[in-house]
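A.B. asks: Residue numbers (this note's numbering): 126 to 572.
Beta carbons: idealized from backbone N, C-alpha and C, even for Gly.
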Ligand code: 2IT
């Protein structure tokens, strides 16, 4: 297998699908050498099969806005790979959603889910519905109309969606409510991220951020450091950044920046618990403006329009908002200001040349599919609790999450340790995830 040859064919077949092609390229580059040591993979054409989704549903969602006007959106569910379990992965509601974006996310999800140690295949879905400026009623009507189509494509042992950008607890509530009504199934666990009184797992809202900080702590421990006393920046102010801020603070780090599409908020003295709570209010307002933090906490949070978190001097940066949010120029600025580690919590948060640059310029870098896997792992734990008809305690969930993040870190070390002893976390995560999915596909024959 040659990455360049496979990529040339994919580019011709899927022109313009830039995010999808970027995600595939990153994985193929990492695994090429290992793949070529396994002629049985090549014989079964594993790569050619693995890079294409098993199935994509495309559907129209029509709903009525508060003015009584009829709106039409496009929606999708990409069922990427079921070799190791039912399709599992979030739903993204964002105006820029395209099949390319969901294919990249479904592809990444497949390897991420493999890393969690749990039996989950990869999937992703969503819509070009833009939640910004919508009322709660509009969000409910959209979610209901979306589920009217989606419900026939999913099932607790078939495909289990969850949240992603633009889909949090409120949206999962509306989606699950409609699913229950249509399917007449009330303990199905067909969605994860549910409310605590109706089948949700305690700590699922926090899990992506908590898991990321556990992972970072393990990677730092390996090089004789810790999070204690480090200055860190996050991007965005959504569910992921919220959980990361909470755990970073608990572990003794100082969060000095969060951001939004409108700019960055610098918090020189470190984020407080009140500010962390306020992130939730900001998200549920649907305004999508980080400036609101500065308005609420004048003098403590200072807003600069049009800037990203990466201009604030820190020790460690945690991209936690959206794909390709950190460019090579951002990486250079971070380094110039003293940053020495970047843990990607967003999916494909760093551009390809930024990753290459960081790896060659002494910045410790770990990719989203390892760092952010605690979210979907805890979704897996929610599925287990639903299947057992039981709710675990916070301690139990947290212990499991911690063990899973440690197992993911161990796999990265096993597959990513280089001859000079340093760990290439990109290679480690990609090879570990790939080997598991490839082996399963091989054993299941040509299907
Ligand atoms: O990117 C992700 O891993 C998620 N959005 C969470 C998926 C899930 O099924 O919990």
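Under 6 Å: does the beta carbon of residue 287 sit that close to some heavy atom of the ligand 2IT?
C.D. replies: yes
A.B. asks: If you draw a straight line from the C-alpha of residue 439 to the C-alpha of residue 281, how long is it?
C.D. replies: 43 Å
A.B. asks: Just how far apart, CA to CA, sit residue 249 and residue 158?
C.D. replies: 28 Å
A.B. asks: Which residue from 475, 487, 484 and 512 puts its Cα closest to that of residue 494?
C.D. replies: 475
A.B. asks: Which residues in the same chain as residue 507 place their Cβ atom closer than 8 Å to its Cβ, once the five residues preceding and following it in sequence are excluded?
C.D. replies: 314, 317, 318, 319, 324, 325, 326 and 329
A.B. asks: Let's test the definition: count the other Cβ atoms within 10 Å of the Cβ of residue 398 and tell me whether it reaches 16, buried, or not, exposed.
C.D. replies: When all chains shown are included, residue 398 counts as exposed.
A.B. asks: In three-state terms, what does DSSP make of residue 188?
C.D. replies: strand
A.B. asks: Put residue 198 into one of helix, strand or coil per three-state DSSP.
C.D. replies: In the structure shown, residue 198 falls within a strand segment according to DSSP collapsed to helix, strand and coil.
A.B. asks: Could you name the residues that DSSP lists as bridge partners for residue 384?
C.D. replies: DSSP, once it has assigned bridges, lists 389 as partnering residue 384.
A.B. asks: Tell me residue 464's beta-bridge partners as DSSP assigns them.
C.D. replies: According to DSSP, which records beta bridges pairwise, residue 464 is partnered with nothing at all.
A.B. asks: With a 10 Å radius around its C-beta and 16 neighbouring C-beta atoms as the bar for buried, classify residue 358 as buried or exposed.
C.D. replies: buried
A.B. asks: Should residue 145 go down as buried or exposed, given a rule of 16 or more other Cβ atoms within 10 Å for buried?
C.D. replies: buried
A.B. asks: Taking Cβ to Cβ, would you say residue 211 is nearer than 7 Å to residue 274?
C.D. replies: no
A.B. asks: Residue 254 and residue 299 - do their beta-carbons sit closer together than 7 Å?
C.D. replies: Not in contact: residue 299 and residue 254 (Cβ atoms no closer than 7 Å).
A.B. asks: Starting from residue 251, follow its DSSP beta bridges and name the residues at the other end.
C.D. replies: 201 and 217
A.B. asks: Are at least three pairs of beta-carbons, each pair with one atom in the stretch 412-429 and one in the stretch 380-398, less than 8 Å apart?
C.D. replies: yes
A.B. asks: Would you identify the three-state DSSP class for residue 320, choosing helix, strand or coil?
C.D. replies: In this structure, residue 320 counts as coil in the three-state DSSP scheme.
A.B. asks: Just checking, does the stretch 260-269 make contact with the stretch 225-244 on the three C-beta pairs under 8 Å criterion?
C.D. replies: No, because fewer than three Cβ pairs between the stretch 260-269 and the stretch 225-244 fall closer than 8 Å, the two stretches do not touch.
A.B. asks: For the putative contact between residue 296 and residue 191, defined by C-beta atoms under 8 Å, what is the C-beta separation to the nearest angstrom?
C.D. replies: The pair is not a contact, with the Cβ atoms about 17 Å apart (cut-off 8 Å).
A.B. asks: Report the CB separation of residue 498 from residue 336 in whole angstroms; it is logged as a contact under 8 Å.
C.D. replies: 6 Å
A.B. asks: Am I right that residue 246 and residue 279 are in contact with their C-beta atoms under 8 Å? What's the rounded C-beta distance?
C.D. replies: With a Cβ gap of about 13 Å, residue 246 and residue 279 do not count as contacting.
A.B. asks: Of all the options 471, 455 and 465, which has the alpha carbon lying nearest to the alpha carbon of residue 478?
C.D. replies: It is 455 whose Cα lies nearest to the Cα of residue 478.
A.B. asks: Measure from the alpha carbon of residue 423 to the alpha carbon of each residue in 449, 393 and 405, then state which is nearest.
C.D. replies: 393
A.B. asks: Any heavy atom of the ligand 2IT closer than 6 Å to the Cβ of residue 504?
C.D. replies: yes
A.B. asks: Do residue 365 and residue 334 have their C-beta atoms within less than 7 Å of each other?
C.D. replies: yes
A.B. asks: Ignore the nearest five residues each way along the sequence and tell me which others in residue 561's own chain have a CB closer than 6 Å to its CB.
C.D. replies: 239
A.B. asks: Leaving out five residues on either side along the sequence, give the residues of the same chain with a beta carbon under 6 Å from the beta carbon of residue 570.
C.D. replies: none
A.B. asks: Check whether the Cβ of residue 500 lies closer than 6 Å to any heavy atom of the ligand 2IT, and answer yes or no.
C.D. replies: yes
A.B. asks: Going by Cα to Cα distance, which pick from 182, 185, 148 and 429 is closest to residue 118?
C.D. replies: Shown here, the chain extends from 126 to 572; a query on residue 118 therefore has no answer.
A.B. asks: Would the beta-carbon of residue 362 fall within 7 Å of that of residue 321?
C.D. replies: Using a Cβ distance threshold of 7 Å, residue 362 and residue 321 do not count as a contacting pair.
A.B. asks: From the DSSP output, which residues share a beta bridge with residue 268?
C.D. replies: Answer is none; residue 268 lacks a bridge partner.
A.B. asks: Please tell me whether residue 355 and residue 441 are closer than 7 Å, where the distance is taken between their beta carbons.
C.D. replies: yes
A.B. asks: For the ligand 2IT, is there a heavy atom less than 6 Å away from the beta-carbon of residue 213?
C.D. replies: yes
A.B. asks: Taking C-alpha atoms, which residue in 130, 206 and 509 lies nearest to residue 174?
C.D. replies: 206
A.B. asks: Check this for me: beta carbons of residue 372 and residue 345, under 7 Å apart or not?
C.D. replies: no
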